[in-house]
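Number of protein chains: 2
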Amino acid sequence: MTEITTTRLGAPAPVEQAGLSPVVPSTGQQVPVPAGAVRLEDGFWFERQRLNTDTLLDHCDTWIDRMGWYDTFRVAAGEEPHKPLQGKLFTDADVYKLLEAFAWELAQRPDPDREARFAELARLVAAAQGDDGYLNTYFGPKGEETRYTNLAHGHELYCAGHLFQAAVARLRSGKEDDLTRAALRLADRICEDFGVGGREGSDGHPEVEMGLMELYRATGRVRYLEQARRFIDQRGHRTFQHHPIGHEYYLDDMPVRDATVLRGHVVRAMYLTAGAVDVAVETGDDQLLGALATQWENTWARRTYLTGGMGSRHLGESFGRDFELPPDRAYTETCGAVGSVMAAWRLLLATGEAQYADAIERLLYNMIATSPNAEGDRFFYVNPLLQREPGIATEPGEAPFRKDTLRANWFWVSCCPTNVVRTLASLTGYFATVSDGSLTVQQYFDGTIDTRLEDGRPVALRVRTEYPWQGRVEVTVASSPGRFRLRLRVPSWAGAATVTVGGVTTPVQGPYAELERVWSDGDVVVLDLPMPAVVLQPDARIDALRDTVAVQRGPLVYCAESVVEAADAVDLDRFRLDVAGDLEVREAAGPSDVRATVRATGVIAPAEPDGAWPYRPVTAAASSPADEKVAIDLIPYYAWSNRGPSTMRVWIPSASAER
Amino acid sequence: MTEITTTRLGAPAPVEQAGLSPVVPSTGQQVPVPAGAVRLEDGFWFERQRLNTDTLLDHCDTWIDRMGWYDTFRVAAGEEPHKPLQGKLFTDADVYKLLEAFAWELAQRPDPDREARFAELARLVAAAQGDDGYLNTYFGPKGEETRYTNLAHGHELYCAGHLFQAAVARLRSGKEDDLTRAALRLADRICEDFGVGGREGSDGHPEVEMGLMELYRATGRVRYLEQARRFIDQRGHRTFQHHPIGHEYYLDDMPVRDATVLRGHVVRAMYLTAGAVDVAVETGDDQLLGALATQWENTWARRTYLTGGMGSRHLGESFGRDFELPPDRAYTETCGAVGSVMAAWRLLLATGEAQYADAIERLLYNMIATSPNAEGDRFFYVNPLLQREPGIATEPGEAPFRKDTLRANWFWVSCCPTNVVRTLASLTGYFATVSDGSLTVQQYFDGTIDTRLEDGRPVALRVRTEYPWQGRVEVTVASSPGRFRLRLRVPSWAGAATVTVGGVTTPVQGPYAELERVWSDGDVVVLDLPMPAVVLQPDARIDALRDTVAVQRGPLVYCAESVVEAADAVDLDRFRLDVAGDLEVREAAGPSDVRATVRATGVIAPAEPDGAWPYRPVTAAASSPADEKVAIDLIPYYAWSNRGPSTMRVWIPSASAER
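As they're listed, the protein sequences go chains A and B.
In this text, residue positions in the first sequence follow my numbering: the first is 1, and each later residue adds one.
In this text, residue positions in the second sequence follow my numbering: the first is 1, and each later residue adds one.
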């Protein structure tokens, strides 16, 4: 193990200067613009963040209460008698994720009632803490099991990590309170128990690493960094108990730095990656950082769905092998996407490479946005790309045990809703970065950026766009610091992007339009991203998608949804998309939360015989009768399953192979 | 609930007349020819049954001992102190399945050493039984848990059912011993505990129903029939605890008679079906029998792989939805195939329909034969139809926890090996039937049938064939009872079958060649089943197989296997089979246990770019450079994974769609 030298430890930013960011590395290619410096004023993410503020946060609070997950704290605090738990043993984490969301929310959109609610819950959490700093309502002196007796499956340190992230949100809001004090006491307890000379081992579910790292960054206490590095280093030696998918389930099959691709449980893999990037960055461990970047790249190229979702197997909620990407049994858990955003963001900050911002865009529009329904009272957990039969509906008020339902109010294991709300509450923290005299707009939105360059000079932009419906982005320099480099990301899906400044239009080379000059207030830059609907084909190695195509427009993946009760319902089992046909973008059509559909044409294939053995000798293709041309309107994937029972396909069989 | 009337109860055959058959219904369209009346003399099944006799049975005995699964009986009997169990809580069932296999084996191929081993184990089982007849080494007074406290997952009654089947094998061998007495005492205990006025509920894993039914048939004790019917009727009311795939996991989502297709855990579904057919037949419940036949037919048409295997999902070891049949993640557990043979055989006896014999043939050649390796020391548990990367190998002496490995010596959960050996030991009991003046050869083999027609007249046939390598079957009437109808099944894969008697060749209409006449000793019938290699295409609704083809010859499904270290290894990811090309049957080529390979031709597709986002805009098909023609030798699926690390495809992408 490399000794951490103090010179490499960097200097964590003091609380008052770190800004309201979930991740504040001490070094890296890019520095995050704080969430609070980016303000949404209209459009896609504005609407979703408003839904979060107005509805989703309270929905989660209500459901956590209803499930009795606050009660476990009251029991541990001695304020209530024991009650049977509704849900799994790691429900503390959902309380902490909601508190984290509240913290980001309160820092940006203060609300006295919510502040009071936060204080009440923070008090409760602190009351449940043991005298020695230990805190978990399931384990420990007041819980059902003895602490540290089930590290593989107990999620004990995992819960702690979520508390640390909530505390960081609070510290970066300039607060010290019951929650931050409880978090620091618990962090110290863990460092005592698992530090040098203490216990070996780590948690079956990574998370504590990333929590400790950010707590280190927020407080400067080096022991948290040392403990996080210790957890990372101890992983990968097959010490956890056997699992039906093997040790890779826990990412315990090999040391983090030896792996070349992500595997096992997707959320575990992504949380571990995020924490390991943090350790690599803060300890200057370029070998580790390089290994993590390679793992990400291989995973993105071979084990990722078009939506950015990951996880091909329901068993173990896990990655499959390379190119094993079944659309129907895609697990693609929402939490995996949240974890992927967290990992990609850290890699973007560390490397400055646009591929990570591209990944974040894909994940936000096609996974995060897909989870909540338009009303804000239901969430997807599992996100298939093919629904051959109408999916499993849940009753209002039902928290299903199974996760492969359509959107539900809540789940028996409900990690996803609280993960979505904390992501939406801190969303603007992922939109822009600064570096060395430059300001980069990494994600597009309608609103403002009001921040400082790395050298401290203030700068403000106004961004106007109808993204993701239109590819035109107008950036006005609202307050110029003089000379700086304005960088606008050109997503990888965009073809011939152009940028216009002062009436001069130039094609953009590379993944960023880079414009360095002495800017004046009022200067306007227009980035034009052509946004045709495009037919995509899968890599030939993806067996499950052979001879199908998908449609993407801008950052949005589209799908064919056939609503059972609709008058124009098409049998998607028989629809074959004409790849050579025109795709017509139709604005302001479709469901209410969709501003553009794509009309595609195709044919209906002959029906197969029912009730027969489904494997038959190949026959010469029957000269098909003049196929009836059929048009269908594709909708963005995020908007599916909002109109009643339906079937759905992202990947649509192509007509060409039928002939 | 319909009252069982004694007139419908039929008259179970007395022990001495029932014959050595696993299933002896009192009524039905066909009556089984006992296993002992069919003798194998050469060929495919002769070799496998000899492997069973010489190697597999002792292999299982050794491994059960090694895993400590006999020790649990010694502990329960008070003969040894408690030891930690290696394996799951239902290992009693493996002991019983091996004893069942021993019983069938001893009745046909007596062996004093094996008889002594059987007696020793039977004594041990009886010694573990409680004074009140209760018997389970995990539950009960001497076990770890209280009896009947975990019916959903405890497999308590499931283990009992396996004991009953073992006892039936013994009773039908004309023996009464420690095992049969223990079984009857336990059956009585269960009837007391779960009979009218007793406990409600049944076992999460069906099996006891079929065990009780055959014990009823073997003893005439009506209470066993009544109890089995009670278990069947009580199922389907969502009384078991929640499961990640829902109540269908246990087949507890709806009453057996209301379902239209099988679902949930495949082995549970098939065992339940088998037991329910038994109940339907013995109680004259035609509505139930009809429902079960419909369930089978829909399952066969929509939820079955080309190999006859079932189970599309690893999670819950379960069926998928209709047409969800991924080849790579096919679970297709060997035990599911054993259960399917048991269910199909009962439906064949009840209905006389050839489709069930077809199914049994498919399952025997492509699933049962696939499980053990040629050396007889390893077994497949999970049977995928696509191995994109070389599979997971296990060390000699390793009993893996995971089930998705290549063949292993044993498994931590090792239901499959003992299921295979009991099937092979009783195999000839599934080959022929009699009915109303007819004798039907349901499966082909090289050997003799020496039995009685339903009216008691003795009849003997000699069957000569090189099936499954050649489609010629020569049947000689060795001992004729005079007039009877000789029926020879024409498998559904056979095209223009002909039958030749006395120099006259006639085409066969329908699924059986039916030849009624006064037969003389020495009369010869030749059935000719044309056996070309045939290219098959999947139903268009099977998304996972789009634009692929498979090759079958006779009853054998073939596959492309690319052995990594072979000089002629082909990249199966890139091979495209030319559907219009000739298939050349090459005899006596390939692995040692294979007598015919099939040479197919195709091309190698261009390589895809590595490391790139795997979804790209559709481009006009590049005019491919003159593709190199490639020939590959397909081998029978059962023989794969015997030559070192390899990739494998049953379904091969077709070349046509690439152009």
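Note that CB positions come from ideal geometry on N, CA and C, so glycine has one too.
Predicted, not measured: the structure shown is a model, and the values here were computed from it.
Report, in whole angstroms, the separation of the C-beta atoms of residue i and residue j, which I expect to be a contact under 8 angstroms.
i	j	result
A:N373	A:N642	6 angstroms
A:T260	A:Q227	With 8 angstroms as the limit, A:T260 and A:Q227 do not qualify as a contact, their Cβ atoms being about 27 angstroms apart.
B:L453	B:P481	6 angstroms
B:R362	B:P555	6 angstroms
B:A600	B:L572	So it is not a contact: roughly 12 angstroms between Cβ atoms.
B:A399	B:A408	7 angstroms
Determine the extent of the alpha helix (DSSP H) in which residue i is found, giving its start and end residues.
i	result
A:F44	G43 to L51
A:R462	That residue, A:R462, is in no alpha helix (DSSP H); its beta strand (DSSP E) goes P458 to T465.
B:R362	A354 to L363
A:L215	V208 to T219
B:L529	Taken as a continuous stretch (DSSP letters only), B:L529 belongs to no alpha helix (DSSP H), as it is neither H nor E.
B:V256	Here B:V256 belongs to no alpha helix (DSSP H), and DSSP marks it neither H nor E.
A:V338	T334 to T351
A:Q234	V222 to Q234
Using a Cβ cut-off of 7 angstroms, pull out every chain B residue sitting near residue i, in sequence order please.
i	result
A:W640	Ordered by position in chain B, no residue passes the 7 angstroms Cβ test against A:W640, which lies about 17 angstroms from the chain.
A:R402	P244, I245 and G246
The beta strand (DSSP E) that contains residue i, what's its start and end?
i	result
A:F575	F575 to L577
A:F484	R483 to R489
B:E561	L556 to V563
A:T601	A596 to I604
A:R742	Here chain A covers residues 1 to 659 and nothing more, so residue 742 of chain A does not appear.
B:T498	T498 to V501
B:L634	K629 to P636
A:T433	A432 to S435
Name, please, each residue of chain A whose Cβ falls closer than 9 angstroms to the Cβ of residue i.
i	result
B:V534	P617 and V618
B:H314	P244, I245, R313, H314, L315 and G316
B:V579	V618
B:A605	A540
B:P530	Result: empty, since nearest Cβ-Cβ is about 13 angstroms, beyond 9 angstroms.
What does residue i touch in chain E if you count any residue whose Cβ is under 8 angstroms from its own?
i	result
B:F379	Absence of chain E from the displayed structure is noted, the protein chains being A and B.
Going along chain A, which residues have a C-beta under 7 angstroms from residue i?
i	result
B:L306	Y615
B:I542	P614
In chain B, which residues lie less than 8 angstroms from residue i when you measure between Cβ atoms?
i	result
A:I368	In chain order: nothing, as chain B lies at least about 19 angstroms away.
A:A560	Those do not exist, as A:A560 stays about 13 angstroms from chain B at its closest Cβ, beyond 8 angstroms.
A:R489	Those do not exist, as A:R489 stays about 16 angstroms from chain B at its closest Cβ, beyond 8 angstroms.
Could you work out which residues of chain A lie near residue i, taking near to mean beta carbons separated by less than 8 angstroms?
i	result
B:W300	W613
B:P538	P614 and Y615
Output, in chain order, the set of chain B residues within a Cβ distance shorter than 9 angstroms of residue i.
i	result
A:F90	Per Cβ cutoff of 9 angstroms: no residues; A:F90 is ~16 angstroms from chain B at best.
With hydrogens ignored, establish whether the beta-carbon of residue i is closer than 7 angstroms to any heavy atom of the ligand MG.
i	result
B:T423	Among the ligands in the structure shown, none appear at all, so the ligand MG cannot be discussed.
Problem - Interfacial residues, the region 63 to 87 of chain B to chain A, with Cβ spacing under 8 angstroms - result: none
Problem - Contact list for the region 193 to 219 of chain A against chain B, Cβ threshold 8 angstroms - result: Within the region 193 to 219 of chain A, no residue has a Cβ that lies closer than 8 angstroms to any Cβ of chain B.
Handout entry: Cβ contact (3+ pairs, closer than 8 angstroms) linking the region 422 to 438 of chain A and the region 113 to 123 of chain A
Key = no
Problem - At least 3 beta-carbon pairs within less than 8 angstroms: the region 467 to 480 of chain B vs the region 515 to 533 of chain B - result: Output reads yes: the region 515 to 533 of chain B touches the region 467 to 480 of chain B.
Problem - Interface residues of the region 287 to 299 of chain B facing chain A [CB-CB below 7 angstroms] - result: Going along the region 287 to 299 of chain B in chain order, one finds E297 with a Cβ nearer than 7 angstroms to chain A.
Practice task
Check whether the region 249 to 264 of chain B touches the region 229 to 241 of chain B, counting contact only when three or more Cβ pairs, one atom from each stretch, lie closer than 8 angstroms.
Solution key: Yes, since at least three Cβ pairs between the region 249 to 264 of chain B and the region 229 to 241 of chain B fall closer than 8 angstroms, the two stretches touch.
Problem - Contact between the region 436 to 449 of chain B and the region 41 to 52 of chain B (3+ Cβ pairs under 8 angstroms) - result: Segment contact: the region 436 to 449 of chain B against the region 41 to 52 of chain B, three or more CB-CB distances shorter than 8 angstroms; contact assigned.
Exercise for the section: Flag this pair as touching only if the region 150 to 168 of chain A and the region 75 to 85 of chain A have three or more C-beta atom pairs under 8 angstroms; answer yes or no. Expected result: no
Handout entry: Three or more C-beta pairs below 8 angstroms linking the region 315 to 335 of chain A and the region 373 to 382 of chain A
Key = These segments touch.
Handout entry: Given 8 angstroms, three or more beta-carbon pairs between the region 267 to 287 of chain B and the region 353 to 372 of chain B
Key = Flag = no, the region 267 to 287 of chain B and the region 353 to 372 of chain B do not touch.
Handout entry: Three CB pairs or more closer than 8 angstroms across the region 459 to 466 of chain B and the region 51 to 66 of chain B
Key = no
Practice task
May I ask you to list, following chain order, the residues of the region 379 to 393 of chain B that have a beta carbon less than 9 angstroms from some beta carbon of chain A?
Solution key: If the cut-off is 9 angstroms between Cβ atoms, the region 379 to 393 of chain B has L386, R388, E389 and I392 near chain A.
Exercise for the section: Return the residues of the region 123 to 141 of chain B that lie within a Cβ-Cβ distance of less than 8 angstroms from chain A, sorted by chain order. Expected result: none
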